[in-house]
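Undergrad: One structure coming up, written as structure tokens, with questions to follow.
There are 2 protein chains.
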Amino acid sequence: MYLGIDLGGTKIAAGIGDEKLNLDKTIQKPTPQKREEILEEIRKIAEDFCSQFEIKSIGVGVPGAVNNDGAVVKIPNLEGWDNFPLEEKLNSMLPKKTYIENDANCAALAELVAGAGKKYDNFIYITLSTGIGGGIVIGGEIYRGAEGTAGEIGHMIIDVNGPQCGCGRTGCWEALASGTAISKLAKETPEITEEGKEVNAILAADLAEKGNESALKIFQKVVEYNAIGISNLANILNPQAVILGGGLTKRTKLVFDPLVEELKKRNVNTIIEKAVHETGVMGTIALAVKNTT
Amino acid sequence: MYLGIDLGGTKIAAGIGDEKLNLDKTIQKPTPQKREEILEEIRKIAEDFCSQFEIKSIGVGVPGAVNNDGAVVKIPNLEGWDNFPLEEKLNSMLPKKTYIENDANCAALAELVAGAGKKYDNFIYITLSTGIGGGIVIGGEIYRGAEGTAGEIGHMIIDVNGPQCGCGRTGCWEALASGTAISKLAKETPEITEEGKEVNAILAADLAEKGNESALKIFQKVVEYNAIGISNLANILNPQAVILGGGLTKRTKLVFDPLVEELKKRNVNTIIEKAVHETGVMGTIALAVKNTT
Numbered sequence: 000m001y002l003g004i005d006l007g008g009t010k011i012a013a014g015i016g017d018e019k020l021n022l023d024k025t026i027q028k029p030t031p032q033k034r035e036e037i038l039e040e041i042r043k044i045a046e047d048f049c050s051q052f053e054i055k056s057i058g059v060g061v062p063g064a065v066n067n068d069g070a071v072v073k074i075p076n077l078e079g080w081d082n083f084p085l086e087e088k089l090n091s092m093l094p095k096k097t098y099i100e101n102d103a104n105c106a107a108l109a110e111l112v113a114g115a116g117k118k119y120d121n122f123i124y125i126t127l128s129t130g131i132g133g134g135i136v137i138g139g140e141i142y143r144g145a146e147g148t149a150g151e152i153g154h155m156i157i158d159v160n161g162p163q164c165g166c167g168r169t170g171c172w173e174a175l176a177s178g179t180a181i182s183k184l185a186k187e188t189p190e191i192t193e194e195g196k197e198v199n200a201i202l203a204a205d206l207a208e209k210g211n212e213s214a215l216k217i218f219q220k221v222v223e224y225n226a227i228g229i230s231n232l233a234n235i236l237n238p239q240a241v242i243l244g245g246g247l248t249k250r251t252k253l254v255f256d257p258l259v260e261e262l263k264k265r266n267v268n269t270i271i272e273k274a275v276h277e278t279g280v281m282g283t284i285a286l287a288v289k290n291t292t
Numbered sequence: 000m001y002l003g004i005d006l007g008g009t010k011i012a013a014g015i016g017d018e019k020l021n022l023d024k025t026i027q028k029p030t031p032q033k034r035e036e037i038l039e040e041i042r043k044i045a046e047d048f049c050s051q052f053e054i055k056s057i058g059v060g061v062p063g064a065v066n067n068d069g070a071v072v073k074i075p076n077l078e079g080w081d082n083f084p085l086e087e088k089l090n091s092m093l094p095k096k097t098y099i100e101n102d103a104n105c106a107a108l109a110e111l112v113a114g115a116g117k118k119y120d121n122f123i124y125i126t127l128s129t130g131i132g133g134g135i136v137i138g139g140e141i142y143r144g145a146e147g148t149a150g151e152i153g154h155m156i157i158d159v160n161g162p163q164c165g166c167g168r169t170g171c172w173e174a175l176a177s178g179t180a181i182s183k184l185a186k187e188t189p190e191i192t193e194e195g196k197e198v199n200a201i202l203a204a205d206l207a208e209k210g211n212e213s214a215l216k217i218f219q220k221v222v223e224y225n226a227i228g229i230s231n232l233a234n235i236l237n238p239q240a241v242i243l244g245g246g247l248t249k250r251t252k253l254v255f256d257p258l259v260e261e262l263k264k265r266n267v268n269t270i271i272e273k274a275v276h277e278t279g280v281m282g283t284i285a286l287a288v289k290n291t292t
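In structure tokens form, the structure reads like this:
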């Protein structure tokens, strides 16, 4: 068995699985604030699992860039992690060999090891979710770039006169077509409302699926922007396939199918696949499997 | 010595050089129309050089995508080249081992072998010229992608509501910031004029350098769009460096220096280098050198 630990901004999720990513026991803990407390929590989780199961190795996913030396470059919403040699540190603390990786890259690895990416050695994994992120696989390996920050696809500018992005620039893919962007548009649209429900991307999607025209219009634009983002990546990297994950992708009739159609219309011949794994723990188990077998 | 032959839409240029890309004799011929005539011209050039000099190997650059098997995928402005196994064909016709490669990738190789890319194994070469093209180097090798079309960076959409591009879409980087785009803007600007001179990108640049305000305005936007294109690539690929070539790059005070400034303002930390080689023959010699030594 392999242990995966996914460090998130609000929770630490962990679980064990085999080479084929059949998931067994999983647990979840709130993320402590300080780095030392987080490390201690990871140590406890690892020792718990390792005392109960025969664990071959451990994969740890982090919500930030990781460089080729296994150091965290930066975690946007957590303090004290800049240039922290996490892989080295964890290997000195945990009972089994431990690997670390950026969370979007872990999701790409889950598809590579036992998912929609199994038959490719050159693909881009894209998560269309609260944000838009990616993991690039070249030659069967994660491509991290010079400092580990490759795959920051959500901050590709596709409409320079578009809305403000959290990163300070305007018209980033993420500012136009992510869950956060949809929630913002929904809040500005009086027709998107339902008693007792929060107005956000999920409500907008639910209403669009029921035929609400204002909501449908939002999703038509979202599909178009996602097609542009994917088409840009296809022009730059010419991958064998693009694998789509994340909550938006799961809306098959509202997002996934129209997106595949829109890409065809734009003469993008790249194969589009739907991710088969949930992100999070699954990817961190894949990280351990990939490095061990 | 190594022989390089650069097949262009209007001329075939050839020359010889050594490992350090010191260029010796060069020649130039018009490009015949038909594929068989082009092949025959290449054969004649190769035999001529090989009878006069001691040639180790031959590099041939083509203005279209080349796949990992040495076949031409397509040459946009020449007929009869779709899926043509050019490397195999040339090796059956020419007196020395021959390699083929896309022309922008050849330009990247020239920088890698003996230019601004010598100290990197992971960079993006970008030509800012009539069009905008690129060559991606990963792990010291050209990255071609699944079908050989990787590096089509000029058709990255950065302003979806922008002007029409030759590719049929709108707002491509090339439609906003290439020599062709500048020529078009110049023609629409009455203030850009000089007796006896054609109104094009070169005149616009000359006038901007002399302080013509309308021309300067065009170049301010061009610099901004080029910064966006480069910033997008840096976010996606996190290369060690970006190497800029092509005619626009040579306008140091008008384009190159302001572009480096604009990238700093946008927090792009990637090292920006100026290409040291002319594109064309030099890159094809580099192709031969890279594959032989």
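Protein sequences, first through last, are from chains H and C.
Residues 0 to 292 (numbering that gives the first Met the number 0) make up the first sequence, in order.
Residues 0 to 292 (numbering that gives the first Met the number 0) make up the second sequence, in order.
Glycine included, every Cβ here is placed at the ideal spot set by N, Cα and C.
In this structure, what does DSSP give as the bridge partners for H/TYR1?
TA: Note: H/TYR1 sits in a beta bridge opposite H/GLY16.
Undergrad: Classify H/SER128 as buried or exposed, calling it buried when 16 or more other Cβ atoms lie within 10 Å of its own Cβ.
TA: The residue in question, H/SER128, is buried, as its Cβ has 16 or more Cβ neighbours within 10 Å.
Undergrad: Out of C/SER182, C/PRO162 and C/LEU184, which one is the CA nearest neighbour of C/ALA174?
TA: Selected option, being the one with the closest Cα: C/PRO162.
Undergrad: Can you grab the Cα-Cα spacing for the pair C/GLN239 / C/LEU232, in whole Å?
TA: 12 Å
Undergrad: Determine, using beta carbons only, whether H/ILE157 comes closer than 9 Å to chain C.
TA: yes
Undergrad: Quick check: what's the CA-CA separation for H/LYS209 versus H/GLU190?
TA: 13 Å
Undergrad: How far does the beta strand (DSSP E) with H/THR25 in it reach, from first residue to last?
TA: 22–29
Undergrad: Run through DSSP, which three-state label would C/ASP158 get?
TA: The answer is strand: DSSP assigns C/ASP158 an E or B state.
Undergrad: Put H/THR188 into one of helix, strand or coil per three-state DSSP.
TA: coil
Undergrad: Which chain C residues sit within Cβ distance under 8 Å of H/ILE299?
TA: With chain H covering 0 to 292 only, the question about residue 299 of chain H has no answer from this structure.
Undergrad: Taking 8 Å as the threshold, find out whether the stretch 44–61 of chain C comes into contact with the stretch 1–13 of chain C through three or more Cβ pairs.
TA: yes
Undergrad: Secondary structure at C/LYS196, three-state DSSP: helix, strand or coil?
TA: coil
Undergrad: State the start and end residues of the unbroken alpha helix (DSSP H) segment that holds H/TYR142.
TA: Counting along the chain, H/TYR142 falls outside any alpha helix (DSSP H), and DSSP gives it neither H nor E.
Undergrad: Does the beta-carbon of H/GLY139, which I'm using as the reference point, lie nearer than 8 Å to any heavy atom of the ligand FAD?
TA: This structure simply doesn't include the ligand FAD, nor any ligand for that matter.
Undergrad: Starting from H/LYS289, follow the alpha helix (DSSP H) in both directions and report where the run begins and ends.
TA: 280–291
Undergrad: In the stretch 134–158 of chain H, which residues sit with their C-beta less than 9 Å from some C-beta in chain C, listed in chain order?
TA: ILE135, ILE137, GLY138, TYR142, ARG143, GLY144, ALA145, GLU146, GLY147, THR148, ALA149, GLY150, GLU151, ILE152, GLY153, HIS154, MET155, ILE156, ILE157 and ASP158
Undergrad: Where does C/GLY147 land, buried or exposed, given buried means 16+ other C-beta within 10 angstroms?
TA: It counts as buried.
Undergrad: Who are the Cβ neighbours of C/VAL221 in its own chain at under 8 Å, not counting the five residues just before and after it?
TA: LEU175, ALA176, ALA180, ILE181, LEU247 and VAL254
Undergrad: How is H/LYS10 classed by DSSP in three states: helix, strand or coil?
TA: Note: H/LYS10 maps to strand in three-state DSSP.
Undergrad: DSSP on H/GLY311, reduced to helix/strand/coil?
TA: Limits of chain H in this structure are 0 at one end and 292 at the other, which puts residue 311 of chain H out of reach.
Undergrad: Could you pull out every residue in the same chain whose Cβ sits closer than 8 Å to the Cβ of C/ASN67, ignoring the five residues on either side in sequence?
TA: ARG143 and GLY147
Undergrad: Which residue's Cα is closest to the Cα of C/SER230: C/THR278, C/ALA103 and C/THR269?
TA: For C/SER230, the nearest C-alpha among the options comes from C/THR269.
Undergrad: Determine, for C/GLN239, whether the minimum Cβ-Cβ distance to residues of chain H falls below 9 Å.
TA: yes
Undergrad: Which of the three DSSP states is assigned to H/ILE135 in this structure?
TA: The three-state secondary structure of H/ILE135, taken from DSSP, is strand.
Undergrad: On the premise that H/ILE123 lies in contact with H/VAL275, defined as a C-beta separation below 8 Å, what is that separation, rounded to the nearest angstrom?
TA: With a Cβ gap of about 16 Å, H/VAL275 and H/ILE123 do not count as contacting.
Undergrad: Quick test of your reading: H/PRO62 and H/LEU6, contact by CB under 8 Å. State the CB separation rounded to the nearest angstrom.
TA: Indeed, because the Cβ distance is near 7 Å, the residues count as touching under 8 Å.
Undergrad: Below 8 Å, how does it come out for the stretch 77–96 of chain H and the stretch 25–35 of chain C: are there three or more Cβ pairs, yes or no?
TA: no
Undergrad: For C/GLU100, which three-state DSSP category applies?
TA: strand
Undergrad: Contact criterion: CB-CB distance below 9 Å. Does C/GLY170 meet it with respect to chain H?
TA: Judged by the 9 Å Cβ criterion, C/GLY170 is in contact with chain H.
Undergrad: Please confirm whether H/LEU232 has its beta-carbon closer than 9 Å to some beta-carbon of chain C.
TA: yes
Undergrad: If H/ALA207 sits next to H/ALA200, beta carbons under 8 Å apart, how far is it from one beta carbon to the other, in whole angstroms?
TA: No, H/ALA207 and H/ALA200 are not in contact; Cβ-Cβ is about 10 Å, not under 8 Å.
Undergrad: Do you know offhand how far H/ASN160's Cα is from H/GLY228's?
TA: 16 Å
Undergrad: Can you list the residues of chain C that H/ILE227 reaches, using a CB-CB cut of under 8 Å?
TA: Residues of chain C with a Cβ closer than 8 Å to the Cβ of H/ILE227 are, in chain order, ILE156 and VAL159.
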